[in-house]
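First comes the structure, then the notes that go with it.
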Amino acid sequence: MLPNPAILPEEAALVRIGAQAGSKEDAIRQVGQMLVAAGCVAPGYEDSMVRREGVANTFLGAGVAIPHGLGEDKGLVRRDGIAVLQLRDGVEWNPGQTAHLVVGIAANSDSHIAILRRLTRLIQDEPRLSALVASDDPHAIAAALGEDGAAPAAQAPVADLAHAAQWTVDYPAGLHARPASAWMEAARAAPAALRVRHGADCADPKSLVSLLQLGLKCGDTVTISADGPQGRAAVDQFLAAVRRLTAREKEDAARAAAKVAAAAQTTGRGWQPETALTMLAGVAASPGLAIGTVHVVAAAELSVPDEPVDLGRGGAMLDDALRRTRAQMTALIDDTTRRLGASDAAIFKAQADLLDDTDLITLTCQLMVEGHGVAWSWHQAVSRIAGQLSALGNPVLAARAADLHDVGRRVLAALDPTLATGSIDTLPEGSCILVAADLSPSDTATLDPEKVAGIATALGGPTSHSAILARTLGLPSVVAVGQDLLALSAQTKVIVDGDAGRVWLDPTPADLACAQAWIDRIAARRQAQEAERSRPAVTTDGHQVAIAANVNRPDSVPFALAEGAEGVGLMRTEFLFLERGDTPSEDEQEAIYRAMIAALGDRPLIVRALDIGGDKQVPHLDLPTEENPFLGVRGARLLLRRPDLLDPQLRALYRAAKHGGDLSIMFPMITSAWELERLRARCEEIRAELDAPAVPIGIMIEVPAAAVQAHALAQHADFFSIGTNDLTQYTLAIDRQNPELAAEADSLHPAVLRLIALTVEGAAAHGRWVGVCGGLAGDPFGAALLTGLGVTELSMTPRDIPAVKARLRAANLPDLQDLARRALAQPGAAQVRALDAPALDERAA
Ligand code: PEP
Ligand code: MG
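The opening residue of the sequence shown carries number 24 in the working numbering; numbering runs sequentially from there.
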């Protein structure tokens, strides 16, 4: 992806002085052959360069032409490089256009853009260009191409390509990052290169930043075009992908509006101070009222030192930092999906896509090629592109600039840990009002609601990702208050009104009391709900279902308990590996398991052994790439092959068990009894070596084979926990990450329910209990059905607990069993869902 140092024609062999060409094609073939001879491209690339001239003009102007191959022939490029033909007599490129410098480009990435920028500068310096055309020194040409291209880049032509179609944006929130990343994927998959034009602005849809820079709003009309024999198909395919997103965008907008309205309703509206207070007006971003002392987070102007390194090493460093950041983002996406939901997690998915943006990488490389340090170049590239996005005056783009800064900061920290900015790591004890120029989504997602009562930012917008996350966290928030906000002194007392979008300064004691009374009323209502949450899930006829939480970190346990969890039914330990760039040691693992046990007291903790593979790839383990990772060496299969991963984890778990607590070990992705037998045997060996207590050993049921053979597995397992996410994926043969099929991947499908019934039956034959820790457990209707099917433990995202408990408390077991029987007899998931009788809902309400 990074330009090879050979991209600069430092070698005289790549610059041919005083060449002759009989025709344009002859000139193109000559530079093409120079690239072949230099090993930059495979033979045949010259033909591709010639064919490209048929579909696009590569004459830049002022006697310079830049022939290069067709996009579909990029496979012929072995490494980035350029070759220059100096034609003193010139060759006619197009009627009336004579080329004197022919710069042939071979580039796998868009790194030729850097060369283009330099050429643009040259073109504007006519005397210099003439001197180069007359020069006998290949190094003079090489040097000219290697110089900084500070002059403005050439404007992209605004013409549409041969096959064009128009489309009017009907996404309510415009082309924001999430649909833009889907556009980018569609463009990358299209059979020909596409162009998207809005008015005079053109974008390469393969670049997220380029798309976002169009600033498309709902109602804007764009022209999508492509060239070549596959052009029409490319446009049609791309348009189909673009249109498919409409329904989801509309649904998302409606859901977001409903969420804001619902939140506003629960927290109440219309608080007004009784006295005339000074007020800073902003935009309401997350409802509720909060009182606190201002804590201004300095807009840490990051000073990144410019420490040039050898280009090859710099490229490797950047690649490594990007790779580690991608892994970190995968972990963050997964964790956010499980904690806050898939739609909030999509924020980070869009951020992760920015890591692959060719403009960003190209600019960074260009700066590195110019002799700057890696971190400095990256920081510059992020700042410049984010600056361009902000300068367009479009709030959607301003929010994307914040995303770019956010993800950019992660890469910086990966490049050099001393550049990690811990802006919100030093919050004072007690509740403060966090004041900042803007808050990154990463910062917001990790805020501790115990320390922060509310948020006010000078910049940002109500649709920014930080605002969305603040709503999910229930933190009142006001954005776009303006620079005056940042001038507030650290100890100023304020009231943040997240419904009206106001920040009231220095409230009088009377106003404070009245605002406090308002907050207290709402808190009292919440507390009443919380009191209900902690009641057990006992049906009206006395059948109790154990309710647990899916929690990965000790510091998340108190929240889960507050939501009503009676234990942890699933600790996904792969996050210990995914969130960091290396493998945690046995000691480090033990410390974490002990911290989990300590946070839970006597409550049960089920730790799942590493489930690596599938969608959870850990780059630093350097596992072989698989064609179908979900069907590959995943979970237990990997553990059985990698004692270096299994043994330290088991040792850490048994060492932790020696200190008390109610620990169980669970193995993921078990398919056959022999796997469990081997893993159990290894557990016993390690337990005996450490003289540790025996702990229950259970398995996940997530492969249909395991469900069908539950009776055989139950002989060796102390309990089962059904992973409905994977069981659904494998039963219905639907990749759980495929957005196209997401609606069809319904765990309520009777085929999945039948496998659950078989699991319960097999377990019962050996007196084992069955839990569910997949997503179905957190759906109140799903929980009711599962209870009817005989599941006795449900483990879920903490936020889902109150609704599930309420649903179960309102039902009686015979009704639930009858519901389960009827569900099993249905032909499809839709008919099962239709059994979710409104009467049952009302009783639960
Ligand atoms: C599941 O598959 O349902 C499950 C709980 O495991 P994970 O989501 O971690 O694969
Ligand atoms: Mg699973």
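The beta-carbon is built from N, C-alpha and C at its ideal position, and this holds for glycine as well.
His-199 beta carbon less than 8 Å from that of Arg-255: no
Going straight from the alpha carbon of Thr-244 to that of Val-430, what length do you get? 30 Å
Please specify which runs of the beta strand (DSSP E), each continuous and at least 3 residues long, are wholly inside the segment 499-531, giving them in chain order. 500-502, 516-520, 525-528
Gln-19: first and last residue of the uninterrupted alpha helix (DSSP H) it sits in: This structure cannot settle anything about residue 19, because the visible part of the chain is limited to 24 through 868.
Environment of Arg-292 [buried if 16+ CB atoms lie within 10 Å]: Summary for Arg-292: the model assigns pLDDT 43, below 50, so the residue's position carries little reliability; its value from the coordinates is reported in the next sentence. Under this definition Arg-292 is an exposed residue.
Between which two residues does the alpha helix (DSSP H) carrying Gln-840 extend? 836-847
By Cβ distance, which residues of its chain are closer than 6 Å to Asp-769, with the 5 residues on each side in sequence left out? Ala-852
Hey, how far is the Cα of Arg-759 from the Cα of Gly-396? 41 Å
Should Asp-224 be listed as close to the ligand PEP, given that the test is whether its C-beta is under 7 Å from any heavy atom? no
Buried or exposed: which applies to Tyr-578, given that a residue is buried once 16 or more other Cβ atoms fall within 10 Å of its Cβ? It should be noted that the sequence gives Asp, not Tyr, for residue 578. Exposed: under 16 other Cβ atoms inside 10 Å.
At a cut-off of 7 Å, is Gly-797 close to the ligand ADP when judged by its beta-carbon and the heavy atoms of the ligand? As for the ligand ADP, it is missing from this structure, which binds only the ligand PEP and the ligand MG.
DSSP three-state assignment for Gln-43, whether helix, strand or coil: coil
Would you say Ala-476 and Ile-314 are within 8 Å of each other, going by their C-beta atoms? yes
Taking Gly-127 as the reference, which of Gln-53, Leu-812, Ala-675 has the closest Cα? Gln-53
Would you grab the beta carbon distance between Arg-777 and Leu-847 for me? Rounded to a whole angstrom, and I think it's under 8 Å. 6 Å
Lys-229 bridges to which residues according to DSSP? The partner list for Lys-229 (beta bridge, DSSP) is empty, contrary to what the question assumes.
When Arg-617, Pro-727, Gly-721, Leu-646 are compared against Ala-675, the one with the closest alpha-carbon: Arg-617
Tell me the rounded alpha-carbon separation between Ser-309 and Ser-489. 10 Å
Would you check whether the ligand PEP has a heavy atom nearer than 7 Å to the C-beta of Thr-754? no
Check: Asp-634 C-beta below 7 Å from any heavy atom of the ligand PEP: yes
CA nearest to the CA of Glu-76, picked from Gly-251, Leu-599, Leu-37, Ala-404: Gly-251
Verify whether the separation of the beta carbon atoms of Asp-96 and Tyr-68 is less than 8 Å. yes
Can the beta-carbon of Ala-481 be found closer than 8 Å to that of Leu-462? no
Quick check on the contact list: which residues have their beta carbon closer than 5 Å to a heavy atom of the ligand MG? Glu-725, Gly-746, Asp-749
Is it true that the CB of Leu-686 sits closer than 8 Å to the CB of Ile-620? yes
Quick check on Gln-295: does DSSP put it in helix, strand or coil? coil
Alpha-carbon spacing of Glu-272 relative to Arg-660, whole angstroms: 39 Å
Is Val-574 helix, strand or coil by DSSP? coil
Which of helix, strand or coil DSSP assigns to Asn-748: helix
Using a threshold of 7 Å, is the CB atom of Leu-601 nearer than that to any non-hydrogen atom of the ligand PEP? no
Close-in-space but distant-in-sequence residues of the same chain around Ala-533 (CB under 8 Å, 5 per side omitted): Glu-297, Thr-298
Mind checking whether the beta-carbon of Arg-211 lies closer than 7 Å to any heavy atom of the ligand PEP? no
Near the ligand PEP: Arg-595 beta-carbon under 7 Å from a heavy atom: yes
Considering only C-alpha positions, which residue in the set Arg-832, Pro-195, Ala-226 is nearest to Val-561? Arg-832
Host alpha helix (DSSP H) of Val-827 (start-end): 824-832
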